[in-house]
Amino acid sequence: MALQSLDIVRRSATTLPEPEIRLGTGGQHVAKLIDTTKCIGCKACQVACMEWNDLRDEVGTNIGQYQNPHDLTESSWTLMRFAEVENTKGDLEWLIRKDGCMHCQDPGCLKACPAPGAIVQYANGIVDFHEENCIGCGYCITGCPFNVPRISKKDHKAYKCTLCSDRVSVGLEPACIKACPTGALVFGTKEDMKIHAAERVEDLKSRGFQNAGLYDPPGVGGTHVMYVLHHADQPELYNGLPSDPQISPMVRLWKGVAKPLGLASMALAAVVGFFHFIRVGPNETDGGDEEGANEMARKPAAAPPASVEKRP
Amino acid sequence: MTDTPSGHTTGEAGHGSPHRLDTIVRYTANDRTNHWLTAIAFVLAALSGLAMVHPALFWLSSLFGGGPWTRILHPFIGLFMVVAFVFLAIRLWRHNYLQQRDWQWMRQIGDVIANREDRLPEVGKYNGGQKLLYFVLVLCLAVLLLTGFIIWRAYFSAYFPIEVVRLGALAHAFFAFVLITSIIVHIYAGIWVKGSVHAMTRGTVTPGWAWKHHRAWYREMIHAANSRSRPD
Chain E
262 MALQSLDIVR RSATTLPEPE IRLGTGGQHV AKLIDTTKCI GCKACQVACM
312 EWNDLRDEVG TNIGQYQNPH DLTESSWTLM RFAEVENTKG DLEWLIRKDG
362 CMHCQDPGCL KACPAPGAIV QYANGIVDFH EENCIGCGYC ITGCPFNVPR
412 ISKKDHKAYK CTLCSDRVSV GLEPACIKAC PTGALVFGTK EDMKIHAAER
462 VEDLKSRGFQ NAGLYDPPGV GGTHVMYVLH HADQPELYNG LPSDPQISPM
512 VRLWKGVAKP LGLASMALAA VVGFFHFIRV GPNETDGGDE EGANEMARKP
562 AAAPPASVEK RP
Chain V
-4 MTDTPSGHTT GEAGHGSPHR LDTIVRYTAN DRTNHWLTAI AFVLAALSGL
46 AMVHPALFWL SSLFGGGPWT RILHPFIGLF MVVAFVFLAI RLWRHNYLQQ
96 RDWQWMRQIG DVIANREDRL PEVGKYNGGQ KLLYFVLVLC LAVLLLTGFI
146 IWRAYFSAYF PIEVVRLGAL AHAFFAFVLI TSIIVHIYAG IWVKGSVHAM
196 TRGTVTPGWA WKHHRAWYRE MIHAANSRSR PD
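So the sequences go chain by chain: E and V. Here this note's numbering is used: the first sequence runs in plain steps of one and ends on residue 573. Here this note's numbering is used: the second sequence runs in plain steps of one and ends on residue 227.
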């Protein structure tokens, strides 16, 4: 919550536009570039994240691989994922990907969130959770195409990488960037990061990685965390990085037309009922009906026990 | 005047016409309690659910102590509603078989709406619209129960694949809208047909009401009263 309300361009569960006074003043989108080809899997970024954000995950168990903890958690906002992949030449490739929030330009979590202001997107593109507004429903998990948000078992709030919005707002780079010893992590404007990535891709191609490329998936409007991949044609190799992530059509429908149409159907039913009453009036019984009832009661012969409801 | 099971008479006039009914019990105290427990739970579940489905209605969460409390309470209220409804549905099951005359009733929905009840086929304890509502409610609550578990993040969502959770969220919202819209129609019908609210609050209807709106059922009531008063 380090940035000002004037820096917020999108807010969850809010139907009107955010303040637009600063639009057009040349604010830059930021991006973190993760160069998987330079990563050595040292996990300095994980440690820096813990330190800066003051997080301590529970000590887990070793399951015979480097990945630790096993998955993102409410206290582990970033995680080195290790994949052992056999390539077509029969060689082993150890693909290491720093996982965490991708900071989508079109965030599925924000779209799904029902709590006003629990998820915001800043003008610089960072998607941030404001836990004081979080109700703990987990719809952000339902909406996220990357399986990133986690709900704490203790306080039932949703947590994920903030892209160190508090640091970025005062001109610092995120803690993980600061800690990376190989330059695999760089941070800057999105434009600069794309230029840097293009240089890296060119270099990789000259070294024989013909399919090297930048991962900036257009299905979510691009992301503010991007990858340089040796195998950009097969992002799934990197522990299931989705090749074409999008907000699920079901989430779009659920949080799109279903909401206004649903409310409209309820309102319509009430309005139609009201005007039916105004035009037709109540359906009342009168003396004639009581007389009819008495008539039937006096002539039981004429009133055979009509069918009790029977199965058709 | 005590409640007796549906179909029994109360306050029979004694002189010469043992089969005459002064008032007819339509809903026993247990029926009414069951109905209103379901209804109260429905209102609370609907309000708390609407708070979470549309931003314009998030203020409804204040009624439940804020957003997190709304999120916590909603599924338990919903569960209570389903349990209460199951008893109600079992009680009413045998009165809701759809018959030929019910389809005819539905085909003449224009006469229903225009209040031309005399043109409609005879109606048993429930008319075609009420039976249709019955089955819509059974369907809605079954789906809401199932999908409610799927999207209950605190305890169950982690056991389902994400695509199932997404479908569950969509289906839960859709069937909730169908349910709420149906109940709005149900409430209006109760307001429109005078005497219906009395039936569900005090339990009884007048013979004229039964004769006009549920004549086949009224005939059964007479027959039952006669066979009781003349056990020959």
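Ideal Cβ positions, reconstructed from N, Cα and C, are used throughout, including at glycine.
In the displayed model, W187 (chain V) falls within a helix according to three-state DSSP. Within 10 angstroms of the beta-carbon of R540 (chain E) lie fewer than 16 other beta-carbons, which makes it exposed. E215 (chain V) counts as buried, since no fewer than 16 other beta carbons sit within 10 angstroms of its beta carbon.
Of the candidates E:H417, E:E279, E:I396, E:Y327, E:H417 places its Cα closest to the Cα of S336 (chain E). N555 (chain E) carries a helical assignment under DSSP once its states are collapsed to helix, strand and coil. Per the coordinates, the alpha-carbon of H30 (chain V) lies some 52 Å from the alpha-carbon of N314 (chain E). Setting aside the 5 residues that flank it on each side, I324 (chain E) is surrounded in the same chain by H331, each with a C-beta closer than 8 Å to its C-beta; the list follows chain order.
Around F538 (chain E), the beta-carbon contacts reaching into chain V at under 9 Å are Y183, I186, W187.
Under DSSP, I412 (chain E) takes part in a beta bridge, and its partners are E:A419. According to the DSSP secondary-structure assignment, F343 (chain E) is paired through a beta bridge with E:I357. With a 10 Å radius around the Cβ and a threshold of 16 neighbouring Cβ atoms, F536 (chain E) comes out exposed.
The C-beta of N110 (chain V) comes closer than 7 Å to at least one C-beta of chain E. Of all residues in the stretch 545 to 557 of chain E, only E545, T546, D547, G548, G549, D550, E551, E552, G553, A554, N555, E556, M557 come within less than 9 Å of chain V when Cβ atoms are compared, listed by chain position. About 6 Å separates the beta carbons of T546 (chain E) and G190 (chain V), which is inside the 8 Å limit, making them a contact pair. The Cβ of P156 (chain V) sits no closer than 7 Å to any Cβ of chain E.
With contact defined as three or more Cβ pairs closer than 8 Å, the stretch 39 to 53 of chain V and the stretch 270 to 277 of chain E are in contact.
Below the 7 Å Cβ cutoff, chain V contributes R161 as neighbours of V512 (chain E), in chain order. Apart from the 5 residues on each side of it in sequence, L115 (chain V) sits with its Cβ closer than 7 Å to the Cβ of W100, Q103, D106, V107 in its chain, given in chain order. Within the DSSP bridge table, the entry for C374 (chain E) names no partner. Judged by DSSP secondary structure, Y488 (chain E) falls within the beta strand (DSSP E) whose first and last residues are 486 to 490.
Within chain E, no C-beta atom comes less than 8 Å from the C-beta of Y150 (chain V); the nearest is roughly 11 Å away.
For R272 (chain E), there is no enclosing alpha helix (DSSP H); the residue is found in the beta strand (DSSP E) stretching over 269 to 272. A contact is defined here as three or more CB-CB pairs under 8 Å, and the stretch 342 to 354 of chain E fails this definition with respect to the stretch 385 to 401 of chain E. In this structure the stretch 475 to 484 of chain E lies against the stretch 361 to 374 of chain E, because at least three pairs of beta carbons, one per stretch, are closer than 8 Å.
Apart from sequence neighbours up to five positions away, the residues of its chain that approach P70 (chain V) with a beta-carbon distance below 7 Å are G143, W147, ordered along the chain.
Counting of Cβ neighbours within 10 angstroms places P280 (chain E) among the exposed residues, the total staying below 16.
Each residue's CA atom was taken as its position, placing A309 (chain E) and I357 (chain E) some 18 Å apart. Of all residues in the stretch 369 to 396 of chain E, only A373, P375, A376, P377, A379, N394, C395, I396 come within less than 9 Å of chain V when Cβ atoms are compared, listed by chain position. Each residue's CA atom was taken as its position, placing I217 (chain V) and D17 (chain V) some 11 Å apart. Note on geometry: alpha-carbon atoms of F390 (chain E) and K516 (chain E) lie some 19 Å from one another. Residue pairing by DSSP places I295 (chain E) opposite E:L446, E:Y488 in a beta bridge. For F82 (chain V), the secondary structure class from DSSP, reduced to helix, strand or coil, is helix. Sequence-distant Cβ neighbours of E460 (chain E) in its own chain, meaning closer than 8 Å and more than five residues away, do not exist here.
Put simply, of E:I295, E:E463, E:S430 the residue whose alpha carbon is nearest the alpha carbon of D268 (chain E) is E:S430. With respect to chain V, the C-beta atom of L524 (chain E) has a partner C-beta closer than 7 Å. Residue-level contact check: C310 (chain E) does not touch chain V, since none of the beta carbons of chain V fall below 7 Å from its beta carbon.
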